[in-house]
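Chains A, B and C, in that order, give the protein sequences.
Position 34, counted from 1, in the first sequence is what numbering that gives the first Met the number 0 calls 33; the numbers after and before it change by one each time, with no gaps.
Position 507, counted from 1, in the second sequence is what numbering that gives the first Met the number 0 calls 506; the numbers after and before it change by one each time, with no gaps.
Position 69, counted from 1, in the third sequence is what numbering that gives the first Met the number 0 calls 68; the numbers after and before it change by one each time, with no gaps.
Note that beta-carbon positions come from the ideal geometry of N, C-alpha and C, so glycine has one too.
First up is the structure itself, then whatever we jot down about it.
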Amino acid sequence: MTGGLLFASVGVILFAMGVAGVLLLGHLLRRILAFNIMGSGTFLVLVALAQRNGIADPVPQAMVLTGIVVAVAATALALALARRLYVLTGKLELSQDDEE
Amino acid sequence: MTFNELLPLAVLASSLIPGLLIFTLPESWVGLRTTLNLSGALVKLALVLLLIVGVQAGESYGVHFAVLPGLNLSFKADALGLLFITLSAVLWLFTTLYAIGYLEGAPRRSRFFGFFSLCVTATMGIAMAANLFTFFVFYELLTLATFPLVVHRGTEASIRGGMTYLAYTLIGGAVLLTGIVWLHHLLGHTDFAHAGIAVALGSAYDGQLQIIFLLLMIGVGVKAAIVPLHGWLPQAMVAPAPVSALLHAVAVVKAGAFGIVRIVYEVYGIEFAQSLDLLLPLAIFAAVTIVWGSFRALFQDDLKKRLAYSTVSQVSYIVLGVTLFGPIGTVGGLVHLVHQGIMKITLFFCAGNYAETLGIHKVSEMNGAGRRMPLTSIAFTIGALGMIGVPLTAGAVSKAWLIDGASAAGMDWAIWVLWTSSLLNAAYFLPILWRAWFKPIPKAWPAEHIVARGWRETAWLLLLPPMITAVMTLATGIFSNNQISPLSWVKLIAEREYIHESIIWTP
Amino acid sequence: MMVWLILLPLLWASLAFMLGPSRGVWLSIVGLAAQLWLAFALAAEIVGSGAAMHAVGGWGAPLGIDLVADGLSAAMLLLTQCIALPLAVYAHAYFKRDDPATTYFWPLVGFLLAGLNALFLSTDLFNIYVTLELLGLAAVGLVAAGGGAQQIAAALRYLFATLVGSGAYLLGVALIYGTYGTVSTVTLVSLIGADAPDLVWIAGGLMVLGLMLKTALFPFHFWLPPAHGGAPAPVSALLSAVVVKASFYLVLRLWIGPFSSLTVVASLVVWFPALLGTLAVFWGSYQAIRAERLKMLIAYSTVAQLGYLFLIFPLLASAGALQAGIMQAFAHGLAKAAMFAAAGTLIKATGQEMVAGLAGVAERLPVTLFAFGLAGITLMGLPPSAGFLAKWQLIELALSQQHWVIAFVVLVGGLLAAVYVFRVLRQAFLLAPAGSVVTPVPRTLEWTAFGLAAASVLLGLRGVELMQLVGVT
Numbered sequence: 000m001t002g003g004l005l006f007a008s009v010g011v012i013l014f015a016m017g018v019a020g021v022l023l024l025g026h027l028l029r030r031i032l033a034f035n036i037m038g039s040g041t042f043l044v045l046v047a048l049a050q051r052n053g054i055a056d057p058v059p060q061a062m063v064l065t066g067i068v069v070a071v072a073a074t075a076l077a078l079a080l081a082r083r084l085y086v087l088t089g090k091l092e093l094s095q096d097d098e099e
Numbered sequence: 000m001t002f003n004e005l006l007p008l009a010v011l012a013s014s015l016i017p018g019l020l021i022f023t024l025p026e027s028w029v030g031l032r033t034t035l036n037l038s039g040a041l042v043k044l045a046l047v048l049l050l051i052v053g054v055q056a057g058e059s060y061g062v063h064f065a066v067l068p069g070l071n072l073s074f075k076a077d078a079l080g081l082l083f084i085t086l087s088a089v090l091w092l093f094t095t096l097y098a099i100g101y102l103e104g105a106p107r108r109s110r111f112f113g114f115f116s117l118c119v120t121a122t123m124g125i126a127m128a129a130n131l132f133t134f135f136v137f138y139e140l141l142t143l144a145t146f147p148l149v150v151h152r153g154t155e156a157s158i159r160g161g162m163t164y165l166a167y168t169l170i171g172g173a174v175l176l177t178g179i180v181w182l183h184h185l186l187g188h189t190d191f192a193h194a195g196i197a198v199a200l201g202s203a204y205d206g207q208l209q210i211i212f213l214l215l216m217i218g219v220g221v222k223a224a225i226v227p228l229h230g231w232l233p234q235a236m237v238a239p240a241p242v243s244a245l246l247h248a249v250a251v252v253k254a255g256a257f258g259i260v261r262i263v264y265e266v267y268g269i270e271f272a273q274s275l276d277l278l279l280p281l282a283i284f285a286a287v288t289i290v291w292g293s294f295r296a297l298f299q300d301d302l303k304k305r306l307a308y309s310t311v312s313q314v315s316y317i318v319l320g321v322t323l324f325g326p327i328g329t330v331g332g333l334v335h336l337v338h339q340g341i342m343k344i345t346l347f348f349c350a351g352n353y354a355e356t357l358g359i360h361k362v363s364e365m366n367g368a369g370r371r372m373p374l375t376s377i378a379f380t381i382g383a384l385g386m387i388g389v390p391l392t393a394g395a396v397s398k399a400w401l402i403d404g405a406s407a408a409g410m411d412w413a414i415w416v417l418w419t420s421s422l423l424n425a426a427y428f429l430p431i432l433w434r435a436w437f438k439p440i441p442k443a444w445p446a447e448h449i450v451a452r453g454w455r456e457t458a459w460l461l462l463l464p465p466m467i468t469a470v471m472t473l474a475t476g477i478f479s480n481n482q483i484s485p486l487s488w489v490k491l492i493a494e495r496e497y498i499h500e501s502i503i504w505t506p
Numbered sequence: 000m001m002v003w004l005i006l007l008p009l010l011w012a013s014l015a016f017m018l019g020p021s022r023g024v025w026l027s028i029v030g031l032a033a034q035l036w037l038a039f040a041l042a043a044e045i046v047g048s049g050a051a052m053h054a055v056g057g058w059g060a061p062l063g064i065d066l067v068a069d070g071l072s073a074a075m076l077l078l079t080q081c082i083a084l085p086l087a088v089y090a091h092a093y094f095k096r097d098d099p100a101t102t103y104f105w106p107l108v109g110f111l112l113a114g115l116n117a118l119f120l121s122t123d124l125f126n127i128y129v130t131l132e133l134l135g136l137a138a139v140g141l142v143a144a145g146g147g148a149q150q151i152a153a154a155l156r157y158l159f160a161t162l163v164g165s166g167a168y169l170l171g172v173a174l175i176y177g178t179y180g181t182v183s184t185v186t187l188v189s190l191i192g193a194d195a196p197d198l199v200w201i202a203g204g205l206m207v208l209g210l211m212l213k214t215a216l217f218p219f220h221f222w223l224p225p226a227h228g229g230a231p232a233p234v235s236a237l238l239s240a241v242v243v244k245a246s247f248y249l250v251l252r253l254w255i256g257p258f259s260s261l262t263v264v265a266s267l268v269v270w271f272p273a274l275l276g277t278l279a280v281f282w283g284s285y286q287a288i289r290a291e292r293l294k295m296l297i298a299y300s301t302v303a304q305l306g307y308l309f310l311i312f313p314l315l316a317s318a319g320a321l322q323a324g325i326m327q328a329f330a331h332g333l334a335k336a337a338m339f340a341a342a343g344t345l346i347k348a349t350g351q352e353m354v355a356g357l358a359g360v361a362e363r364l365p366v367t368l369f370a371f372g373l374a375g376i377t378l379m380g381l382p383p384s385a386g387f388l389a390k391w392q393l394i395e396l397a398l399s400q401q402h403w404v405i406a407f408v409v410l411v412g413g414l415l416a417a418v419y420v421f422r423v424l425r426q427a428f429l430l431a432p433a434g435s436v437v438t439p440v441p442r443t444l445e446w447t448a449f450g451l452a453a454a455s456v457l458l459g460l461r462g463v464e465l466m467q468l469v470g471v472t
């Protein structure tokens with residue numbers, strides 16, 4: 000197994016863990032962290048797969064940079080919303096009963 | 000755009016534009032609303048007259064617009080369509096007059112007359128549709144435009160009636176659409192043509208065509224109230240009387256019957272339909288409906304319900320006539336399209352008068368009504384006798400042609416059906432007449448709203464329309480051989496639908 | 000022209016944020032009007048001279064970003080601007096002058112539209128990811144704009160769904176790039192056609208599933224009803240009418256573009272979206288029939304109507320399927336925007352959120368109820384309306400390819416829609432209970448909803464030009 004493939008496999012595992020976290024965890028902060036793990040996994044795959052020939056490809060690097068910016072923005076929005084929810088309800092969880 | 004293209008559109012616009020304007024009028028602008036209503040109705044009549052003169056002279060009127068590539072919204076005013084157009088345009092005028100009187104001072108009149116005009120527009124569209132696609136567009140529009148009228152009173156009962164109506168018609172519409180799209184897929188178009196278009200497909204498609212015919216008949220059969228699809232009609236009786244007139248005589252059930260006529264004659268072609276064995280099953284359903292409707296009418300104490308079941312029965316006379324292979328049966332069926340409309344609208348106007356003037360809603364409350372309201376009761380009597388088929392009325396003409404048509408087609412059992420129905424008609428109409436004329440006036444009417452002043456037993460706007468339509472019932476009966484009678488026009492149509500048979504008019 | 004469709008909303012969004020809502024409103028409306036004109040001009044140009052391309056800043060692919068407008072993208076651009084402008088006018092009348100929601104509303108709408116327009120014009124998979132995220136984050140912000148606890152919760156739920164969706168999409172993009180070393184949708188068509196290792200199947204699955212999650216296709220619809228049902232009416236309208244269509248558009252783009260060769264190899268795969276679409280039609284309608292709150296009913300109706308869009312996938316062998324899909328997208332977009340707008344007016348005027356509280360509105364708010372009814376006609380697929388034309392096209396295609404089951408789903412779906420639409424109308428036609436009050440509402444609210452609804456009906460009388468536009472490749 001080459002190094003690139005190893006990184007990619009780790010990335011996929013991180014992604015899967017992240018998705019599971021976002022979907023299954025209750026606490027909002029944990030879910031936001033899980034989302035970040037998911038994103039990191041994807042970035043790892045992106046960089047790792049493009050490195051198979053041993054030469055770094057600049058395009059995925061640029062993509063990952065853009066992706067990180069997006070992830071930071073999303074995290075910031077999620078945190079702002081979570082804080083607002085905490086101010087309004089005193090809880091950092093999404094209750095089940097507000098769905099119809 | 001030429002004059003011949005514009006004229007059909009003008010016929011549509013003459014009720015669409017007043018209708019849309021009326022929606023925007025404040026409730027209190029009675030004068031302008033009435034003016035719009037009546038001028039629309041009169042302009043339409045004038046336009047229809049132009050069409051009649053033109054079509055008789057052999058002119059053709061039509062126009063079409065592309066909706067999608069390969070799909071046209073197209074209109075034509077041919078002899079068959081004009082039969083329905085003329086009936087609706089004439090009766091619309093009287094129904095409008097009647098409705099103005101009936102709803103005087105009632106709330107939500109702008110909405111009422113707006114949808115009323117939309118209904119008539121939809122009916123005109125159905126009559127002038129030149130293909131099944133256009134027919135369907137206006138057929139569904141009619142459903143939607145009548146719903147607010149049926150629920151006009153806003154009570155729980157009227158809403159329930161309206162929902163039943165929708166359940167039947169929308170499901171029927173979905174079935175109809177299936178049939179139309181299927182046919183469109185097979186043929187690539189659905190344009191109506193004399194002697195039909197389905198014959199072009201060849202015998203490999205006979206099975207599919209039979210299924211499509213069934214789908215189409217279920218679709219239009221709902222509005223034509225063919226048993227067992229008739230359940231909505233008696234329920235819709237909660238609507239105000241002018242709406243009942245619209246449902247039973249001017250628009251809705253007529254649209255269904257007219258659809259059957261168009262599909263049998265101009266989609267399948269009567270001769271091709273006969274060769275596919277489609278006519279006999281349809282005739283059997285029509286026969287069952289005729290007898291069942293009359294039978295159920297016997298047991299209704301509610302006057303409007305009795306009339307509703309009578310409609311169920313009478314509309315299937317038209318269907319039966321269509322299925323009697325041969326020009327004479329065709330004439331009987333088509334002429335009844337007109338005659339039934341005139342007679343039934345008379346009866347509903349009168350029923351509305353009894354309810355509005357004296358609060359009479361039930362047959363058992365009719366005692367002595369003839370002495371209190373002689374003019375209304377004379378009109379009612381003429382209408383009822385017409386329905387039974389008493390000589391000198393319009394109904395007698397239809398029945399004579401239907402019976403001759405049945406024997407010409409070799410379907411003698413249909414004659415028995417017609418006679419049975421006539422007997423039942425007499426059995427449920429004559430007791431009403433007897434009560435009205437020969438029973439003494441009760442001490443008090445259920446609820447007397449309008450007091451008689453001299454010969455005017457009720458408001459003159461309520462009195463005038465049924466009297467005119469009653470006179471028309473007699474006139475179409477007595478002068479049926481006149482050049483401008485519906486019967487002569489219907490003969491013209493029949494001559495154009497049977498291309499392989501030479502026609503000699505015997506009766 | 001294409002660049003301005005993206006820059007203009009960014010520009011007025013930023014200005015609206017800096018200048019505050021009272022001046023931002025007018026900037027936004029002027030900007031939207033200009034965008035509408037641009038979208039029309041673009042569509043006219045494309046019909047005249049075929050698909051157009053623009054290399055941003057003069058840099059072509061692979062270094063720069065190419066914007067391409069063909070018939071499909073131009074149609075979606077047109078739909079978006081056609082809905083956004085009336086809704087902006089509606090929103091101006093809807094929000095009270097000092098409503099805190101307006102501070103963020105106008106900038107967010109601008110960013111949302113920039114994201115949408117960029118998405119419809121993008122041709123590389125990664126660029127599409129960025130537009131998806133821009134779109135998603137702006138939409139989440141809009142859901143939260145109301146500021147209530149329920150709305151924040153709905154926004155968070157929506158955020159997590161949309162992040163997982165785009166995360167899956169991005170992973171798919173990473174796998175594709177790892178395999179082929181390009182993200183251009185044009186180049187990928189031939190590359191994937193020549194050789195498709197298993198990894199590409201996984202990538203395709205991830206991308207399509209991620210986008211389905213963002214489209215709220217059954218069973219991924221769980222986030223939609225609370226988000227759309229809870230947001231302020233103009234936001235609900237915008238989200239239901241256009242935002243969910245964006246990810247549908249992408250699924251369609253990928254399906255007929257890069258992944259078209261995969262669907263040929265495994266022909267059964269076309270039934271996967273159609274199956275989910277069928278379930279969506281039934282489940283969404285069932286929930287709409289049961290819903291007690293008016294906006295919830297409309298939100299579930301969106302779940303059902305989105306299902307129709309996915310019914311076209313088994314039919315894509317004939318060109319008409321794309322046309323049917325776009326017609327349905329237009330029909331639902333215009334009608335749903337009108338319906339949410341009308342519902343917002345009804346709720347504002349009666350103070351009642353429940354369907355049961357609507358008795359008497361037929362008499363008191365006739366224009367709004369008319370708008371609701373016309374929109375309902377389109378959703379039921381009754382003539383004359385764009386919804387009817389879409390239904391007609393779908394049934395005819397289904398019959399011609401002998402996929403009876405699709406025709407059946409479309410017909411039954413229409414009847415189910417009738418049940419929930421008339422559930423509302425039935426209530427509205429009842430006489431008003433004594434003592435109920437209706438607060439007067441601005442006429443703008445009533446007539447913008449009516450205009451949108453009328454457009455959805457009138458398109459049903461003339462669909463030729465739209466179909467011609469969609470046909471341009």
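Neighbourhood of residue i by C-beta distance below 7 Å, restricted to the same chain and skipping five residues each side
| i | result |
| --- | --- |
| V287/B | V226 |
| M365/B | I359, I431, R434 and A435 |
| A334/C | A374, T377, L378, G386, A452 and S455 |
| E98/A | Because E98/A carries a pLDDT of 44, less than 50, the predicted location of this residue cannot be relied on, and the following value inherits that uncertainty. Around E98/A: no qualifying Cβ. |
Own chain residues within Cβ distance below 6 Å of residue i, not counting five before or after
| i | result |
| --- | --- |
| Q322/C | M466 and V469 |
| K294/C | G228 and A342 |
CB contact flag (residue i, residue j, <8 Å)
| i | j | result |
| --- | --- | --- |
| A340/C | A232/C | yes |
| V69/A | L45/A | no |
| L430/C | A358/C | yes |
| K75/B | Y97/B | no |
| A244/B | F348/B | yes |
| T375/B | H448/B | no |
| A399/B | V314/B | no |
Alpha helix (DSSP H) segment containing residue i, residue limits
| i | result |
| --- | --- |
| F134/B | L131 to V149 |
| N352/B | P326 to L357 |
Per-residue burial, residue i [other beta carbons within 10 Å of its own, 16 or more giving buried]
| i | result |
| --- | --- |
| D77/B | buried |
| A287/C | buried |
| S21/C | exposed |
| G23/B | For the sequence presented, residue 23/B should be read as Thr rather than Gly. So T23/B ends up on the exposed side. |
| I5/C | buried |
Opening and closing residue of the beta strand (DSSP E) in which residue i lies
| i | result |
| --- | --- |
| D65/C | D65 to A68 |
Contacting residues, own chain, Cβ-Cβ under 8 Å from residue i (five flanking each side not counted)
| i | result |
| --- | --- |
| S165/C | Y128, L131, E132, G135, G209 and K213 |
Item to complete: Entirely within the segment 223-264 of chain B and at least 3 residues each: give me those beta strand (DSSP E) ranges in chain order.
Response: Unbroken beta strand (DSSP E) runs of no fewer than 3 residues, entirely contained in the segment 223-264 of chain B, are not found.
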